[in-house]
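Novice: So the mapping is simple: my numbering equals the position in the sequence shown, first residue as 1, plus 1042.
Beta carbons: idealized from backbone N, C-alpha and C, even for Gly.
Take this structure first; my questions come after.
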Amino acid sequence: MQYSWIWLTVLAALMQAVRTAAQKRLNAHMTAAATTYVRAVFGLPIMVAWLLAVLVWVEPRWPQPTANFLVMALAGAVTQVLATVTLIVLFQKRSFASATALTKADTILTALIGWLAFSEQYSAPGIVALAVVFCGVAIVMLPQAAAATTAASTAADSAPRTVATSRHDVLTRLANISPVANHMRRSIDSPAMLAFLVALLFSLSYQFIREATLALAPGPSLWRGAWTVVVVTGLQLAGLSIWFAVRRERAIMAGIVREWRLATFVGVTSAIGSIAWFAAFALENAAYVRAVGQIEMAFTMLISAFYFRERLRHAELAGIAVIVLGVVMFRLAG
């Protein structure tokens, strides 16, 4: 069990890379919020089945949820949904591999949030391994972040400044007379800014989920992870269902039925990935889990190259090698 969190994280990263690629395709037919809804609709039944299996073979008892557990689970559910929706919006601006790479500042953000807000402690070998992983992420991320920012700036300069065509009417009007407002308008549209927001929201969600699993202690990690993933996903399903009902978006279900094959695939991969993530968070602190989880970038690059036919740079391949080295260092650090 000493290294089980590493293997769980690698499985979760693989499923997340595959699921995210499928979500990109699904987003061509549905809105970002609807695509996120699919994860909960099709994934929750699998998570419930997993929980029942854990109750039978691991720990046959019900938890006694505290207020802290419910608050952390709700916070994790909300931030995860917001992060996923923002990530899907980012896909509309950048390629699959590029968009995913731009969000990987969550490695250091998760560590900082855990240290500052949740008093997480990191060992010296763990800090070194985390730093190596972050260096690998930076090798991949920085060239793409620069390219994304340049592209966004060029697009903003070349776009006609008319109120009718702008998605940010107030800022567009002010941009004609205020350099500060013009910079704000560019920042809102910037893929790099969206990517940072994705990273921040995901980092918060990881810490909230980690705290939720700890709030169910004592109990086996698989048991705590199974309960947490069902509660968090159930809250997401309930919240999104209410949101769509209030907005009377009846076309959502029609779109899900029409794309049921792809939606099922997204739900299944999401469920497996979430089960593995939550179990890993129950075993180890969120910063280490997310650092090892950066192996997702290797899977993402493979999917990008062989499925989406997107060209990979030498820097991306070098960065992946450094990330893999960091993951091995976590294993050696024990």
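Please determine if the stretch 1110-1120 and the stretch 1251-1263 are in contact, where contact requires at least 3 C-beta pairs separated by less than 8 Å.
Specialist: Contact holds between the stretch 1110-1120 and the stretch 1251-1263, because three or more Cβ pairs, one in each stretch, are under 8 Å apart.
Novice: Helix, strand or coil: which one does DSSP assign to Lys1146?
Specialist: coil
Novice: Expressed to the nearest angstrom, what Euclidean distance is found between the alpha-carbon atoms of Leu1094 and Trp1049?
Specialist: 22 Å
Novice: Any idea if Tyr1045 is buried or exposed, counting beta-carbon neighbours within 10 angstroms, 16 or more meaning buried?
Specialist: exposed
Novice: Out of curiosity, what's the CA-to-CA distance linking Val1273 and His1356?
Specialist: 42 Å
Novice: Work out the CA separation of Leu1151 and Val1170 for me, nearest whole Å.
Specialist: 16 Å
Novice: What three-state label does DSSP hand Trp1099 in the structure shown?
Specialist: helix
Novice: Where do the ends of the alpha helix (DSSP H) carrying Leu1259 lie?
Specialist: In the sequence under discussion, the amino acid at residue 1259 is Ala, which differs from the Leu named in the question. No alpha helix (DSSP H) holds Ala1259; DSSP gives it neither H nor E.
Novice: Ignore the nearest five residues each way along the sequence and tell me which others in Ala1347's own chain have a CB closer than 6 Å to its CB.
Specialist: Here the set comprises Leu1354.
Novice: Between Ala1321, Val1288, Thr1128, Val1182, which has its C-alpha nearest Leu1053's C-alpha?
Specialist: Ala1321 is the residue among Ala1321, Val1288, Thr1128, Val1182 whose C-alpha sits nearest the C-alpha of Leu1053.
Novice: For Pro1262, which option in Ile1155, Pro1105, Phe1350, Arg1290 has the closest C-alpha, if you only look at C-alpha atoms?
Specialist: Selected option, being the one with the closest Cα: Pro1105.
Novice: Do you know how far the Cα of Ala1293 is from the Cα of Ala1360?
Specialist: Separation of Ala1360 and Ala1293 (C-alpha to C-alpha, rounded to the nearest whole angstrom) is 44 Å.
Novice: Is Trp1104 helix, strand or coil when you go by DSSP?
Specialist: Coil, per DSSP.
Novice: Quick one: what does DSSP say Phe1372 is sitting in, helix, strand or coil?
Specialist: In the structure shown, Phe1372 sits in a helix (DSSP, three-state: H, G or I).
Novice: Can you tell me which of Glu1301, Ala1237, Arg1303, Glu1162 puts its alpha carbon nearest to the alpha carbon of Arg1252?
Specialist: Glu1162
Novice: Less than 7 Å between C-beta atoms, sequence neighbours within five positions excluded: which residues of the same chain meet that for Arg1373?
Specialist: These residues qualify, in order along the chain: Tyr1045, Ile1048.
Novice: What span of residues does the alpha helix (DSSP H) with Ile1130 cover, start to end?
Specialist: 1109-1133
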